[in-house]
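A.B. asks: Here the protein sequences line up with chains A and B, keeping their order.
Sequential numbering from 43 applies to the first sequence in the numbering used here.
Sequential numbering from -7 applies to the second sequence in the numbering used here.
Think of the CB as a built atom: it goes at the ideal place given N, C-alpha and C, for glycine as much as any other residue.
Please read these numbers as outputs of a predicted model, since none were measured by experiment.
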Amino acid sequence: MAGKNKREIFIKNIGLDHDPFETPVAEQELARVQDVFYSYYSPSSPLPTQEDLIKSLRRPQHAFVYGHPGDGKSALRLTLDADCRTILDGTLAVTYILGEDIERPLSLEEHGIRLAKTLAIDLTLALIEQFNPLNPSPTEKQIQALQRQIQIGGRQLKRLLRTLLEKLENLEQSTPDPIWGISKDWNIIGKAPVKYVGGSDKLRKLLKKLSIKIEPETPAGWVDFWKGINAAREWGFTRFLVMLDGVDIKQRTPETMMGLIKPLLDMLHKTESDDVFIKLFLPLELTEWVEDYLKSHDRDLYSSAFSPIIEWDDKTLRQLLAQRFRAASSRSGPRYTGLDSLAIPNLNLDENVIRVAKGSPRRLLRIISDLIDIHVARDSDSFRFSQEDWEKCQQKLIEDERT
Amino acid sequence: MFSLSDYNPDYFVDRPAALKRIREWADAEQVEKRVLSVVAPPGGGKTWVLKRLHSEWQNPGKRFVVWIDVPTLVNRAEEQDRNRMINPGAFHQCFEKALAYAQHRYPQIPPISQNVDFAAMVGRLAKLLCDSNLDKAPLVIVDGYDEITKRQAEVVSLHILERIIEQPCIRLLIAHRAEWTVRGDSIRRNQDRLFLQKLDPLSESFALHQFKMLFQNKYPDIPLLDPNPWMKQFKLYKWNHPLINHFLFEHGLVAGSSQFRQLTNQELYECTRTMIERPDNGGNPRYSPLTIDEFQLLHRIATQITEEWAKAEIETMLNLNFHLDERIEKLFDLGLIVNISDGSFYHVVDGLRDLLCEIDISQVKFI
Chain A
43 MAGKNKREIF IKNIGLDHDP FETPVAEQEL ARVQDVFYSY YSPSSPLPTQ EDLIKSLRRP
103 QHAFVYGHPG DGKSALRLTL DADCRTILDG TLAVTYILGE DIERPLSLEE HGIRLAKTLA
163 IDLTLALIEQ FNPLNPSPTE KQIQALQRQI QIGGRQLKRL LRTLLEKLEN LEQSTPDPIW
223 GISKDWNIIG KAPVKYVGGS DKLRKLLKKL SIKIEPETPA GWVDFWKGIN AAREWGFTRF
283 LVMLDGVDIK QRTPETMMGL IKPLLDMLHK TESDDVFIKL FLPLELTEWV EDYLKSHDRD
343 LYSSAFSPII EWDDKTLRQL LAQRFRAASS RSGPRYTGLD SLAIPNLNLD ENVIRVAKGS
403 PRRLLRIISD LIDIHVARDS DSFRFSQEDW EKCQQKLIED ERT
Chain B
-7 MFSLSDYNPD YFVDRPAALK RIREWADAEQ VEKRVLSVVA PPGGGKTWVL KRLHSEWQNP
53 GKRFVVWIDV PTLVNRAEEQ DRNRMINPGA FHQCFEKALA YAQHRYPQIP PISQNVDFAA
113 MVGRLAKLLC DSNLDKAPLV IVDGYDEITK RQAEVVSLHI LERIIEQPCI RLLIAHRAEW
173 TVRGDSIRRN QDRLFLQKLD PLSESFALHQ FKMLFQNKYP DIPLLDPNPW MKQFKLYKWN
233 HPLINHFLFE HGLVAGSSQF RQLTNQELYE CTRTMIERPD NGGNPRYSPL TIDEFQLLHR
293 IATQITEEWA KAEIETMLNL NFHLDERIEK LFDLGLIVNI SDGSFYHVVD GLRDLLCEID
353 ISQVKFI
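(1) How would you call glycine 109 of chain A, buried or exposed, if buried means at least 16 neighbouring beta carbons within 10 angstroms?
(2) Run through DSSP, which three-state label would leucine 404 of chain A get?
(3) Please report the Cβ distance between lysine 107 of chain A and lysine 115 of chain A, rounded to the nearest whole angstrom; I am assuming they are in contact, meaning their Cβ atoms lie under 8 Å.
(4) Within 8 Å, do at least three Cβ pairs link the segment 188 to 196 of chain A to the segment 278 to 289 of chain A?
(5) Is the CB of leucine 358 of chain A under 7 Å away from at least one CB in chain B?
(6) Let's see if you can read the secondary structure: which residues bound the beta strand (DSSP E) around phenylalanine 203 of chain B?
(7) Inspect the beta-carbon positions of lysine 48 of chain A and valine 418 of chain A and report whether they are closer than 7 Å.
(8) Spell out whether any CB of chain A is found under 7 Å from the CB atom of isoleucine 214 of chain B.
(9) Note down, one range per segment and in chain order, each beta strand (DSSP E) of at least 3 residues found wholly within the segment 121 to 174 of chain B.
(10) In terms of DSSP beta bridges, what is leucine 134 of chain A paired with?
(11) Look up proline 325 of chain A in the DSSP assignment and say whether it is helix, strand or coil.
(12) With DSSP collapsed to three states, give me the class of tyrosine 238 of chain A.
(13) Compute the beta-carbon to beta-carbon distance between valine 58 of chain B and alanine 170 of chain B, rounded to the nearest angstrom, for a pair I have assumed lies under 8 Å.
(14) Alpha carbon to alpha carbon, how far is valine 31 of chain B from threonine 173 of chain B?
(15) Take leucine -4 of chain B and list the residues in its own chain whose beta-carbon comes closer than 8 Å to its own, dropping the five residues that flank it on each side.
(16) Is it buried or exposed, arginine 253 of chain B, if we count other Cβ atoms within 10 angstroms and call 16 or more buried?
(17) With three or more beta-carbon pairs closer than 8 Å as the criterion, would you say the segment 212 to 222 of chain B touches the segment 42 to 53 of chain B?
(18) Go through its chain and collect everything with a Cβ distance to glutamine 106 of chain B's Cβ below 7 Å, but skip five positions before and after it.
(19) Name the two residues that bound the continuous beta strand (DSSP E) containing glycine 109 of chain A.
(20) So if DSSP puts aspartate 346 of chain B in a beta bridge, which residue, or which two residues, is it bridged to?
(21) Please classify leucine 344 of chain B: is it buried, with 16 or more other beta-carbons within 10 angstroms of its beta-carbon, or exposed?
(22) Under the three-state reduction of DSSP, which class applies to phenylalanine 110 of chain B: helix, strand or coil?
(23) Can you have a look at methionine 309 of chain B and say buried or exposed, based on whether 16 or more other CB atoms are within 10 angstroms of its CB?
(24) Please confirm if isoleucine 101 of chain B has its CB atom under 7 Å from at least one CB of chain A.
(25) Using a beta-carbon distance cut-off of less than 7 Å, what residues from the segment 75 to 109 of chain B approach chain A?
(26) The beta strand (DSSP E) spanning tryptophan 59 of chain B covers which residue range?
(27) List the residues of chain A that methionine 113 of chain B touches, going by C-beta distances under 7 Å, in chain order.
(28) How far does the alpha helix (DSSP H) with tyrosine 261 of chain B in it extend, from its first residue to its last?
(29) Applying the criterion that 16 or more other CB atoms from any shown protein chain within 10 Å of the CB defines a buried residue, is leucine 99 of chain A buried or exposed?
(30) So does the segment 290 to 303 of chain A actually touch the segment 240 to 259 of chain A, counting three or more Cβ pairs closer than 8 Å?
(31) Could you give the distance in angstroms between the alpha-carbon of glutamate 196 of chain B and the alpha-carbon of phenylalanine 241 of chain B?
(32) Relative to the alpha-carbon of phenylalanine 198 of chain B, which residue among B:Glu262, B:Tyr279 and B:His233 has its alpha-carbon at the smallest distance?
(33) Do the segment 174 to 187 of chain B and the segment 198 to 211 of chain B meet, that is, are 3 or more Cβ pairs less than 8 Å apart?
(34) How far does the beta strand (DSSP E) with valine 41 of chain B in it reach, from first residue to last?
(35) Which term fits leucine 228 of chain B, buried or exposed, when burial requires 16 or more other beta carbons within 10 angstroms of its beta carbon?
(36) Could you tell me the boundaries of the alpha helix (DSSP H) in which glutamine 254 of chain B lies?
Right, dumping it as structure tokens:
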């Protein structure tokens, strides 16, 4: 990005407290602007349903959410996770990312080991987030169940607990973050805070009990996973949403991507009977592959699963744009509702960028980011995008597409 | 002088469509969104609607309902240190009242120890309520949310309001102006908005009803006057703002007699100030008053530009940057200028623009 400093000054001058167009990829945004990331969420217009997608995805059923790269699958998955962590109806959200470290399709057992670990992390995090010192103290049985989960959760989780414990032991001396409380440290495990989490002596005592060293056991895959589910039930969770994402991180051929998820598709009946519902966020090209697989292996599941496709139209893209400005606006007074507020009259910039974005939020954000760079390179003192800025931006878009 | 104490909601609330819609939302077993925002410009009747429903729902046995007047919970002067924005004394008072009410209604609810963590206290009470298997969803009514700063609103949302709606049995009814975004992402995801003016557009017939109620309350022994001929002196004002209507009737009616009199430009100016500067429920000023310069700018916008305008028009005419001008910012924050449906057009709020157009500013002595 050219002239970062100039760009920062421009963003500040137009009255925004951060740049809401800098990174168009959800995971990168989560790391960059974790305090406001969830404020960016703006719903798409999914097919075939018109209802609130977050609400639909919280239902107790398996779901296959399809979309092109950049359509907002990961943003939706992260928002669903945040929703489960802030609206407490006994649902535990478990994030399962098929990351870059996966070199070949995993066996069912390997999936089990990875799932057990991510379940342990998300369960512990949820319990700390929901911990209320005014509720009855946890039972010994609950604590023991969680101690085993801490071992399964691994080094990252233990590091988070150590950091929290240090903080809570010095609670008298330190002032907690007034917005997020102790959840500011969630970045240690790659999560963003979603709510205020207060510190207390009762929580300190619990974390101290959880931190005792117990003999490490050999990872037991699905056995550990179901133990984790039982531990979560012990703490009052009744429904489990496993959100699977990142199928296309490494290789994008349908055969490879199907190879990654097939062992889990074969498990769906078993998990459903134990209130574990898998929400798969998949590239659009897998639609037919998954459907064919389910038709031939499990017709009941094929007809009962929820399979929305993420789509964006002009209206929802406009709303997304307005929401970005709203989230980034620090000052009071009139808000920017789109780029037209920042452009010379009659340029119709909102309409133009949405037209060339072709229904892709990521493309839309990239175009706007390029437009800002082009503008500040031309005249960083001006608050107005010009015809020339837009023409150069279109030119860059054509060149980028050629290469 | 105009007195807000005369402004009894029982006389002036006439928002049948809005009341019906809110009652239906409150009574429905399942709702798509558990947070309902009641949206209207300043003085547009939000508090009256909520007070009416509150007193209706409070009737013995009807349902569990709690009223939160946000400005009373906040240290209004504290605009920087977020740790000091909630007033502990006011919070505990409000909490104890809600807890006592809950325990009276549901005796199984145990005591909750007073803790310094407000979020923990609110979360505990909310959970206990939802564990009580109530026949109707408990309601929390939040008023004055748009009378505090955005930072204060953020703290109130994260420490109090989000702790209420994290329990799925509870519904939140919250009043604010259209421009005022409710902070807190979980609230936003669960929020629906009800625009009072759209559901129940106010007209002259509303004003006549309002006058009848006011007159009969004030002069029960005098036959009702017909205000129509007197109302015609206003060529532009459409009698669509309850607070302005009230001021005009109150001042137009000659005290102790059955006659109307013509209002002066000075009185119309005072009417706009009353509307803008009216105190909150605790009798404290909601906002700092407009300076003469700010008032004159507002008057120019109302009288010299079309009813709905794009910012380019105002920038050309007044040679200012619409998004960065501090006077515009203030007019916006006071809810006097609003954005039309998040589009690129703006207008001066309903009622106020027409009233400003009635004022010959050269005849006004600014105070």
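C.D. replies: Answer, in terms of the structure:
(1) Here glycine 109 of chain A is buried. Its C-beta has 16 or more other C-beta atoms within 10 Å.
(2) Residue identity check: residue 404 of chain A is arginine in the sequence provided, not leucine. Three-state DSSP puts arginine 404 of chain A in a helix.
(3) Per the sequence shown, residue 107 of chain A should be read as valine rather than lysine. The pair is a contact, with the Cβ atoms about 6 Å apart (cut-off 8 Å).
(4) no
(5) What sits at residue 358 of chain A in the sequence shown is threonine, not leucine. It does not; no Cβ of chain B falls within 7 Å.
(6) Not the beta strand (DSSP E): phenylalanine 203 of chain B falls in the alpha helix (DSSP H), residues 196 to 210.
(7) yes
(8) no
(9) 131 to 135 and 163 to 168
(10) A:Phe282
(11) Strand.
(12) coil
(13) Rounded, the Cβ-Cβ distance is 25 Å, inconsistent with contact.
(14) So the two alpha carbons sit approximately 11 Å from each other.
(15) Only weak support exists for where leucine -4 of chain B lies, its pLDDT of 49 falling under 50; the coordinates are left without a value.
(16) Exposed is the call here.
(17) no
(18) His84
(19) 105 to 109
(20) Beta-bridge pairing links aspartate 346 of chain B to no other residue.
(21) buried
(22) helix
(23) exposed
(24) no
(25) Asn75, Ile104, Ser105, Asn107 and Asp109
(26) Taken as a continuous stretch (DSSP letters only), the beta strand (DSSP E) holding tryptophan 59 of chain B covers 57 to 61.
(27) Leu176
(28) 257 to 269
(29) It is buried - the Cβ of leucine 99 of chain A has at least 16 other Cβ atoms within 10 Å.
(30) no
(31) 13 Å
(32) Selected option, being the one with the closest Cα: B:His233.
(33) no
(34) Per DSSP, valine 41 of chain B belongs to no beta strand (DSSP E); it is in the alpha helix (DSSP H), 38 to 50.
(35) By the Cβ-count criterion, leucine 228 of chain B is exposed, with fewer than 16 other Cβ atoms from all chains shown falling within 10 Å of its own Cβ.
(36) It is not in any alpha helix (DSSP H) - glutamine 254 of chain B carries neither H nor E in the DSSP assignment.
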